[in-house]
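**Q** Have a look at the structure that comes next, please.
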Amino acid sequence: MTNVLKNCFTFAPPFNSSATDFFSFRLTYTKMTTKQRYKHIIEWFKANKPIAETELSHSNPYELLIAVILSAQCTDKRVNMTTPRLFANFPTPEVLAASSQEEVFDYIRSISYPNNKAKHLVGMARKLVENFGSVVPDDVDLLQTLPGVGRKTANVIASVIFDKPAMAVDTHVFRVSERIGLTTNSKNPLQTERELVKNIPAELIPIAHHWLILHGRYVCVARKPKCEECGIAQWCRAYNGSYCYSRLIIL
Ligand code: SF4
Numbered sequence: 168m169t170n171v172l173k174n175c176f177t178f179a180p181p182f183n184s185s186a187t188d189f190f191s192f193r194l195t196y197t198k199m200t201t202k203q204r205y206k207h208i209i210e211w212f213k214a215n216k217p218i219a220e221t222e223l224s225h226s227n228p229y230e231l232l233i234a235v236i237l238s239a240q241c242t243d244k245r246v247n248m249t250t251p252r253l254f255a256n257f258p259t260p261e262v263l264a265a266s267s268q269e270e271v272f273d274y275i276r277s278i279s280y281p282n283n284k285a286k287h288l289v290g291m292a293r294k295l296v297e298n299f300g301s302v303v304p305d306d307v308d309l310l311q312t313l314p315g316v317g318r319k320t321a322n323v324i325a326s327v328i329f330d331k332p333a334m335a336v337d338t339h340v341f342r343v344s345e346r347i348g349l350t351t352n353s354k355n356p357l358q359t360e361r362e363l364v365k366n367i368p369a370e371l372i373p374i375a376h377h378w379l380i381l382h383g384r385y386v387c388v389a390r391k392p393k394c395e396e397c398g399i400a401q402w403c404r405a406y407n408g409s410y411c412y413s414r415l416i417i418l
């Protein structure tokens with residue numbers, strides 16, 4: 168049993184390896200409600216990550232819209248390598264609207280799904296010019312009328328540019344929310360979005376989106392989460408619940 172506990176503790180940096188501490192911690196954990204978990208985790212992020220922003224380079228709403236469309240199934244790093252030339256050659260919605268899919272393709276060929284994305288970018292620019300006077304709308308529903316703009320992209324624009332309480336759920340946010348215990352058996356991004364919006368204060372939703380994305384990108388990574396360096400481990404459901412139990416079973 169001692170070895171079992173020791174192995175479990177190797178993933179619990181906030182605590183020492185005494186059995187007493189382990190059991191008292193387990194007791195605390197099992198008493199924790201979802202509301203308390205949200206509270207602790209939000210407080211930790213507020214204290215430790217007061218600044219959390221998009222990593223997509225942009226200097227105006229139009230550029231961010233392009234960058235977010237390009238970032239689907241692609242890394243921000245790759246998008247940032249591509250957009251300087253793209254923005255320089257298509258500096259306004261009007262210029263992009265007057266171009267062709269083939270022209271745009273040449274600038275984004277190193278990005279995933281370049282054909283589709285080139286088509287979406289030109290279509291988006293044309294609709295932006297024709298229907299919105301070349302101004303990126305701030306409404307999530309209106310944003311979704313633009314080609315290439317789904318709910319996630321619309322929420323990113325609404326929160327990053329317009330500071331609205333819109334929670335964009337990408338693969339990181341979806342995975343991390345479930346692991347931490349902010350959601351339970353969420354079936355899809357929309358369920359996760361609704362649960363997060365229900366539990367996070369509206370004024371914190373824009374930054375909470377970045378907290379979760381960046382946590383998923385750099386700490387709670389998909390294949391092997393870095394629990395040993397995770398600041399929220401003590402409130403994490405996966406870390407303290409099934410994850411630990413699964414280790415107990417295989418030991
Ligand atoms: S403790 Fe591990 S599983 Fe939980 S949030 Fe941190 S890195 Fe992810």
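Residue numbers 168 to 418, in our numbering, belong to the letters of the sequence shown in order. All C-beta atoms in this analysis are idealised placements derived from N, C-alpha and C, irrespective of residue type, glycine included.
Express the C-alpha separation of Arg390 and Lys286 in angstroms, rounding to a whole number.
**A** 33 Å
**Q** Which of the three DSSP states is assigned to Arg390 in this structure?
**A** coil
**Q** Which whole-angstrom value describes the C-beta separation of Asp305 and Ala335, a residue pair presumed to lie in contact below a C-beta threshold of 8 Å?
**A** Rounded, the Cβ-Cβ distance is 14 Å, inconsistent with contact.
**Q** Among Gln401, Ala234, Pro314, Glu362, whose alpha-carbon lies nearest the alpha-carbon of Thr249?
**A** Ala234
**Q** Figure out for me which residue from Glu360, Ala333, Phe329, Asp330 has the closest Cα to the Cα of Phe341.
**A** Glu360
**Q** Taking all protein chains shown into account, do 16 or more other C-beta atoms lie within 10 angstroms of the C-beta of Asn407, making it buried, or fewer, making it exposed?
**A** buried
**Q** Helix, strand or coil for Lys216? Go by DSSP, reduced to three states.
**A** coil
**Q** Let me know the secondary structure DSSP gives His225 once reduced to three states.
**A** In this structure, His225 counts as coil in the three-state DSSP scheme.
**Q** If you run the structure through DSSP and keep just helix, strand and coil, what is Pro258?
**A** In the three-state reduction of the DSSP assignment, Pro258 falls in the coil class, being assigned neither a helical nor a strand state.
**Q** Does at least one heavy atom of ligand 1 sit under 7 Å from the Cβ of Tyr205?
**A** No.
**Q** By DSSP, does Thr249 sit in helix, in strand, or in coil?
**A** helix
**Q** If we ignore side chains and look at the alpha-carbon of each, how far apart do Lys284 and Leu357 end up?
**A** 23 Å
**Q** What's the C-alpha gap between Ser353 and Asp273?
**A** Approximately 39 Å between the Cα atoms of the pair.
**Q** Would you list the residues whose beta-carbon is nearer than 7 Å to any heavy atom of ligand 1, in the order they occur in the chain?
**A** Val343, Arg346, Ile347, His382, Val386, Cys387, Pro392, Lys393, Cys394, Cys397, Ile399, Ala400, Cys403, Ala405, Tyr406, Tyr410
**Q** Which one of Val364, His377, Cys387 has the shortest CA to CA distance from Glu220?
**A** His377
**Q** Specify the secondary structure class of Phe299 as computed by DSSP and reduced to three states.
**A** helix
**Q** For Asn355, which of helix, strand or coil comes out of DSSP?
**A** coil
**Q** Check whether the Cβ atoms of Ile380 and His339 sit closer than 8 Å, and answer yes or no.
**A** yes
**Q** Going by C-alpha to C-alpha distance, which of Lys206, Val262, Met291 sits closest to Ile236?
**A** Nearest option by C-alpha distance: Met291.
**Q** With DSSP run on the structure shown, which of helix, strand or coil describes Arg276?
**A** coil
**Q** Is the Cβ-Cβ distance between Ile399 and Ile208 less than 8 Å?
**A** yes
**Q** DSSP state of Phe329, grouped into three classes?
**A** coil
**Q** Taking the alpha carbon of Phe212 as the reference point, which residue from Arg384, Val386, Ala375, Val388 has its own alpha carbon closest?
**A** Ala375
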